[in-house]
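**Student:** Input: one structure, supplied below.
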Amino acid sequence: MSSDESQALARSLGATIRAIRKEAGLTLATLAQRSGLSQPFLSQTENGNAMPSVVNLHRIAQALGTTAHALLERGTRSSTSLVRAGEGRTVEYTSDATVRFLVDGHRIMEPNEVTAGPHSHTDGTTSHAGEEFVYVVAGTVRMTLEGEPDHVLHAGDTLYYPATVPHAWFNDTDQPARFLITSSPPGF
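Quick note on numbering: the sequence shown equals residues 38 to 225 in this note's numbering.
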């Protein structure tokens, strides 16, 4: 991403954060308190002079009652979303795994494609509101759900569970794995 593109993204993101904050009737001080971030940093972010890290963007989104994905994609409001093979935003999930967003814009559900290198896994368990659906495209993935035996999934297998149950995934094999995780409501 060029410097001009980075600056344009920072300005657009800042404007989106400001608009959502004002729509919610929140002051900058209230957003700072809810997010745990400083008011000067949030002001710089809203003015497009600072770009929050992924962690801080997630904190801002939670404080605003939305998702980081929705903040980044707010301008996209079409009822349809087409993402071609090899396209879509991709972020590093762990050092050995990436996540590709399979739809643009704020949606009721969030389908993502995870590409997990050999012997990769999530960093601990997570839980959040909603439900999740996992479909293994290639390889083998072990899913852990608190209170249940591990679920070993192979290509073509699916798993559906309440996302409020602490969960994690592992690729215990010497081969990469590729699987889809769909969350509703969006979790990222």
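Beta carbons: idealized from backbone N, C-alpha and C, even for Gly. Note that the coordinates shown come from a computational prediction; the quantities given were computed from them, not determined experimentally.
#1: What is the DSSP secondary structure of Asn-149, counted as helix, strand or coil?
#2: What beta strand (DSSP E) runs, 3 residues minimum, are completely inside the region 63–134?
#3: Quick one: Cα of Leu-63 to Cα of Ile-57, how far?
#4: As a quick exercise: from Thr-53, Asn-86, Ala-98 and Glu-60, pick the residue whose alpha carbon is nearest that of Gly-73.
#5: Excluding the 5 residues preceding and the 5 following Arg-137 in the sequence, name in chain order all residues of the same chain whose CB lies nearer than 6 angstroms to its CB.
#6: Span of the beta strand (DSSP E) holding Pro-199?
#7: Out of Ala-61, Gly-154 and Val-189, which one is the CA nearest neighbour of Arg-215?
#8: Is the separation between the beta-carbon of His-188 and that of Met-180 shorter than 8 angstroms?
#9: Just the Cα atoms here: how many angstroms apart are Gln-70 and Pro-77?
#10: For Leu-182, which three-state DSSP category applies?
#11: Taking C-beta to C-beta, are Ala-45 and Met-88 nearer than 8 angstroms?
#12: Cutting at 7 angstroms between CB atoms, please list the residues of its own chain near Gly-51, excluding the five before and the five after it.
#13: Take Tyr-197 as the anchor and find which of Leu-79, Ser-157, Gly-167 and Ala-134 has the nearest alpha-carbon.
#14: For Val-91, tell me which candidate among Ile-218, Leu-101 and Leu-109 has the shortest Cα-Cα distance.
#15: Between the Cα of Asp-211 and the Cα atoms of Pro-199, His-158, Thr-103 and Leu-94, which residue gives the shortest distance?
#16: Exposed or buried, what is His-204 when buried is set at 16 or more other beta-carbons lying within 10 Å of its beta-carbon?
#17: With 16 as the cutoff for other CB atoms within 10 Å, does Ala-200 come out buried or exposed?
#18: Does DSSP put Leu-46 in a helix, in a strand, or in coil?
**Tutor:** According to the structure data:
#1: strand
#2: 127–131
#3: 9 angstroms
#4: Ala-98
#5: Gly-125, Thr-127 and Glu-150
#6: Pro-199: member of the beta strand (DSSP E) spanning 195–199, first to last residue.
#7: Gly-154
#8: yes
#9: Going by the C-alpha atoms only, they are around 12 angstroms apart.
#10: In the structure shown, the three-state DSSP call for Leu-182 is strand.
#11: no
#12: Thr-82, Glu-83, Asn-84 and Gly-85
#13: For the set Leu-79, Ser-157, Gly-167 and Ala-134, the Cα lying nearest the Cα of Tyr-197 is the one of Gly-167.
#14: Here the closest residue by C-alpha is Leu-109.
#15: Minimum Cα distance to Asp-211 is reached at His-158.
#16: With 16 or more other Cβ atoms within 10 Å, it is buried.
#17: buried
#18: helix
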